[in-house]
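S.K.:
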Amino acid sequence: MVAVSSNEFGQRIRAALLARGLSMRAAARKLSYDPAYLSRICSGKQAPSVQFARDLGKLLGMGDELVAAATATLGATMLPLGLGLGLGVRDDELAQTIRTTSQQLVTLDNQGAGAAIAPLAARAYKAVRPRLTGAESDVLAAAAELAEVTGWLFFDAARIKAARAYTEAALALAQEADDRSIELLILQNLAMIEGWEGNLDEELNISAAMLDARLPPRVEAMFEMRAARALVGRGDIREGTYRFDRARGGSSSAADPSWVWWLDRREIDASRGSALLLAGRHHEALGWLRLGTDMRGSAVRISVTSALRASSLVTVQAWSDLEELAIGMHGMAHVVCSERARNLLLNVIERGTQQAPDPARDALAHLREILWDDELI
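Below, the structure written as structure tokens:
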């Protein structure tokens with residue numbers, strides 16, 4: 048396969064749109080894609096997903112030509128990952144090479160590669176692992192970051208056993224390197240995994256232990272959110288609500304690490320909604336989940352939170368709201384890259400199609416068709 052750069056792919060799309068008299072905005076509207084997403088691809092700033100290429104190819108009558116080009120573009124982006132980690136890189140270059148690999152993985156994850164790159168991340172980590180014995184702290188810290196990214200990718204791919212294994216490996220490396228910042232991120236990930244699996248006591252224990260220490264403001268808010276989720280999920284609504292309010296009202300400072308960028312009020316609201324859902328308080332959960340699905344957030348959070356919101360709507364039998372939500376998700380379902388979100392959606396679709404009246408059931412059935420079509424890539 049000949050590698051195709053993002054710039055080359057963007058040029059090909061612009062030429063095809065021009066030849067057919069279509070503007071980027073008109074094409075985005077016909078495809079139900081965000082115009083900004085199409086603009087980034089056309090300008091070469093973002094690699095295309097295969098599903099996007101398939102949809103655009105159908106619109107432009109180009110068959111699988113764009114699918115092949117998108118696959119080559121993704122391949123070109125992924126090609127450098129892990130090269131030389133086990134062979135040929137000098138010791139004084141190893142830490143930076145590992146960090147570059149981690150950044151490439153994060154970039155691909157943000158571009159929608161999702162579960163597909165978790166095995167790639169694992170191979171990169173396994174390539175560097177033999178060089179960690181006796182390594183300097185900077186190399187160990189970089190390897191901890193790579194293992195942390197790998198654990199997150201497996202978590203979002205719904206491979207929890209692998210996610211926990213890589214996250215625990217990351218924690219051991221961070222502690223050996225005495226890198227407190229990355230250690231805090233890894234501990235939050237461990238709490239997140241435990242909470243997702245329903246181990247609320249362990250989620251609370253990890254969070255409470257961290258809150259006993261002196262933390263930067265946003266990191267403190269992050270662990271307050273985790274503790275609050277566990278408390279509400281266990282039925283301690285009063286204490287959990289107090290902690291959610293503390294997290295939501297937290298400040299920020301120059302001491303906050305760069306990796307805490309993702310924690311905002313929408314993230315905290317989504318977490319509160321999911322906790323209330325666990326506690327069986329579905330009507331209360333819906334308001335917070337609605338706030339958490341604000342379209343300015345990350346695609347993973349929006350898709351997971353939308354699935355949780357749909358689940359509560361089925362439970363309370365709010366069929367018109369469920370129909371509206373399902374129809375609204377038709378345009379984003381083809382870019383759901385999180386297996387956690389996909390599994391949640393398919394589960395709620397199964398429940399909803401058995402219980403809902405025709406309009407909502409039809410909307411859910413169409414959503415399932417979109418998700419299944421995406422699985423055939």
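Per the working numbering: the sequence shown = residues 48 to 424. By construction, the Cβ of each residue, glycine as well, lies at the ideal position given by its N, Cα and C atoms. Only a predicted model underlies this, so the values are computations on that prediction, with no experimental measurement involved.
#1: Helix, strand or coil for residue 49 per DSSP?
#2: Put residue 196 into one of helix, strand or coil per three-state DSSP.
#3: Hey, out of 245, 262 and 410, whose CA is closest to residue 229's CA?
#4: Report yes or no: do three or more beta-carbon pairs, one from the segment 241-252 and one from the segment 212-228, lie closer than 8 angstroms?
#5: Please report the straight-line C-alpha distance between residue 138 and residue 220, rounded to a whole angstrom.
#6: Please classify residue 381 as buried or exposed, where buried requires at least 16 other C-beta atoms within 10 Å of its C-beta.
#7: Are the Cβ atoms of residue 106 and residue 78 separated by less than 8 angstroms?
#8: Can you find at least 3 beta carbon pairs, one from the segment 171-191 and one from the segment 144-158, that sit closer than 8 angstroms?
#9: Check this for me: beta carbons of residue 43 and residue 165, under 8 angstroms apart or not?
#10: Going by DSSP in three states, residue 365 sits in which element: helix, strand or coil?
#11: So, with DSSP's three-state summary, where would you put residue 213?
#12: Under a three-way DSSP split, which group does residue 137 fall into?
#13: Take the Cβ of residue 67 as the centre, count every other Cβ of all protein chains shown within 10 Å, and call the residue buried at 16 or more, exposed below.
#14: Tell me whether the beta-carbon of residue 414 lies closer than 8 angstroms to the beta-carbon of residue 377.
#15: Taking only the alpha-carbon atoms, compute the straight-line gap between residue 286 and residue 227 and give it to the nearest angstrom.
#16: Could you tell me how far apart the beta carbons of residue 95 and residue 56 are, in whole angstroms, since I believe they sit closer than 8 angstroms?
#17: Curious, which full-length alpha helix (DSSP H) runs of at least 4 residues does the segment 55-90 contain?
#18: Which residues bound the alpha helix (DSSP H) around residue 246?
#19: Measure the C-alpha to C-alpha separation of residue 332 and residue 369 and round it to an integer number of angstroms.
#20: Evaluate residue 303 with the Cβ neighbour count: other Cβ atoms within 10 Å of its Cβ, from every protein chain shown; 16 or more gives buried, anything less gives exposed.
#21: According to DSSP, is residue 340 helix, strand or coil?
#22: Judging by CA-CA distance, which residue of 357, 407 and 101 is the nearest neighbour of residue 388?
#23: If we call anything under 8 angstroms between Cβ atoms a contact, is residue 282 one with residue 322?
#24: Rounded to whole angstroms, what's the CA-CA distance from residue 426 to residue 69? Just pull it up for me.
#25: Is the CB-CB distance between residue 353 and residue 340 below 8 angstroms?
#26: For residue 375, which three-state DSSP category applies?
#27: Run through DSSP, which three-state label would residue 95 get?
#28: Counting C-beta neighbours from all protein chains within 10 Å, is the total for residue 411 16 or more, i.e. buried, or is it exposed?
#29: Determine the DSSP secondary structure at residue 130, reduced to helix, strand or coil.
#30: Is the distance from the Cβ of residue 320 to the Cβ of residue 310 below 8 angstroms?
#31: Can you tell me whether residue 406 is helix, strand or coil according to DSSP?
#32: Rank 75, 99, 90 and 73 by C-alpha distance to the C-alpha of residue 383 and give the top, closest one.
#33: Just reading off the alpha helix (DSSP H) that residue 314 is part of, what are its end residues?
M.R.: In brief:
#1: Numbered from 1 along the sequence shown, position 2 holds the residue referred to as residue 49. Legend: pLDDT at residue 49 = 43, less than 50; position of this residue unreliable, no value from coordinates given.
#2: Against the sequence shown, residue 196 aligns to sequence position 149. Under the three-state reduction of DSSP, residue 196 is assigned to helix.
#3: By 1-based counting over the sequence shown, the position of residue 229 is 182. Closest option to residue 229, Cα to Cα, is 262.
#4: With the cut-off at 8 angstroms, the segment 241-252 and the segment 212-228 do not touch.
#5: As a position in the sequence shown, residue 138 is number 91, starting the count at 1. As a position in the sequence shown, residue 220 is number 173, starting the count at 1. Those two C-alpha atoms are separated by around 17 angstroms.
#6: The residue labelled residue 381 in the question sits at position 334 within the sequence shown. By the neighbour-count criterion, in which 16 or more other beta carbons inside 10 Å mark a residue as buried, residue 381 falls on the buried side.
#7: Looking up residue 106 in the sequence shown gives position 59. Looking up residue 78 in the sequence shown gives position 31. Closer than 8 angstroms, so yes.
#8: At 8 angstroms Cβ cutoff, the stretches touch.
#9: With the chain covering only 48 through 424, there is no way to say anything about residue 43.
#10: Against the sequence shown, residue 365 aligns to sequence position 318. In this structure, residue 365 counts as coil in the three-state DSSP scheme.
#11: Residue 213 sits at position 166 when you count from the first residue of the sequence shown. Here residue 213 sits in helix by DSSP.
#12: Taking the sequence shown and counting its residues from 1, the one referred to as residue 137 is at position 90. In the three-state reduction of the DSSP assignment, residue 137 falls in the coil class, being assigned neither a helical nor a strand state.
#13: Mapped onto the sequence shown, residue 67 falls at position 20. Flag for residue 67 reads exposed.
#14: Residue 414 sits at position 367 when you count from the first residue of the sequence shown. Residue 377 sits at position 330 when you count from the first residue of the sequence shown. Cβ distance < 8 angstroms, so residue 414 and residue 377 count as in contact.
#15: For the purposes of this step, residue 286 is taken as residue 239 along the sequence shown, with counting starting at 1. For the purposes of this step, residue 227 is taken as residue 180 along the sequence shown, with counting starting at 1. Taking the straight line from one Cα to the other gives about 28 angstroms.
#16: As a working note, residue 95 is residue 48 in the sequence shown. As a working note, residue 56 is residue 9 in the sequence shown. Their Cβ separation, rounded to whole angstroms, is 6 angstroms, which keeps residue 95 and residue 56 in contact under 8 angstroms.
#17: If we require 4 residues or more, the alpha helix (DSSP H) runs fully inside the segment 55-90 come out as 71-78 and 82-89.
#18: Taking the first residue of the sequence shown as 1, we reach residue 246 at position 199. Counting along the chain, residue 246 sits inside no alpha helix (DSSP H), nor does DSSP assign it H or E at all.
#19: One-based indexing of the sequence shown puts residue 332 at position 285. One-based indexing of the sequence shown puts residue 369 at position 322. When rounded, the distance between both Cα atoms is 14 angstroms.
#20: As a first step, residue 303 is located in the sequence shown; it is residue number 256 there, counting from the start. By the neighbour-count rule (16 or more Cβ atoms within 10 Å), residue 303 is buried.
#21: Start at 1 with the first residue of the sequence shown, and residue 340 comes out as number 293. Coil.
#22: As a first step, residue 388 must be located in the sequence shown, where it is residue number 341. Per the Cα distances, 357.
#23: Counting from 1 along the sequence shown, the entry for residue 282 is found at position 235. Counting from 1 along the sequence shown, the entry for residue 322 is found at position 275. Result no, Cβ atoms of residue 282 and residue 322 do not sit closer than 8 angstroms.
#24: This structure cannot settle anything about residue 426, because the visible part of the chain is limited to 48 through 424.
#25: Mapped onto the sequence shown, residue 353 falls at position 306. Mapped onto the sequence shown, residue 340 falls at position 293. Less than 8 angstroms divides the Cβ of residue 353 from the Cβ of residue 340.
#26: As a working note, residue 375 is residue 328 in the sequence shown. Residue 375: helix per DSSP, three-state reduction.
#27: Position 48 of the sequence shown, counted from the start, is the residue given in the question as residue 95. In this structure, DSSP gives residue 95 a state outside helix and strand, which the three-state scheme calls coil.
#28: To locate residue 411, count along the sequence shown from 1; it is residue 364. Looking at its Cβ environment, which holds 16 or more other Cβ atoms inside 10 Å, residue 411 is buried.
#29: Here residue 130 refers to the residue found at position 83 when the sequence shown is read from its first residue. Because the pLDDT at residue 130 is just 49, under 50, the model does not fix this residue reliably, and the value given afterwards should be weighed accordingly. Residue state, collapsed to three classes: coil.
#30: Taking the sequence shown and counting its residues from 1, the one referred to as residue 320 is at position 273. Taking the sequence shown and counting its residues from 1, the one referred to as residue 310 is at position 263. Cβ atoms of residue 320 and residue 310: not closer than 8 angstroms.
#31: Position 359 of the sequence shown holds residue 406. Here residue 406 sits in helix by DSSP.
#32: Indexing the sequence shown from 1 puts residue 383 at position 336. Nearest to residue 383 by C-alpha distance, out of 75, 99, 90 and 73, is 99.
#33: Along the sequence shown, one-based indexing puts residue 314 at 267. Boundaries of the alpha helix (DSSP H) harbouring residue 314: 312-325, taken from the DSSP string.
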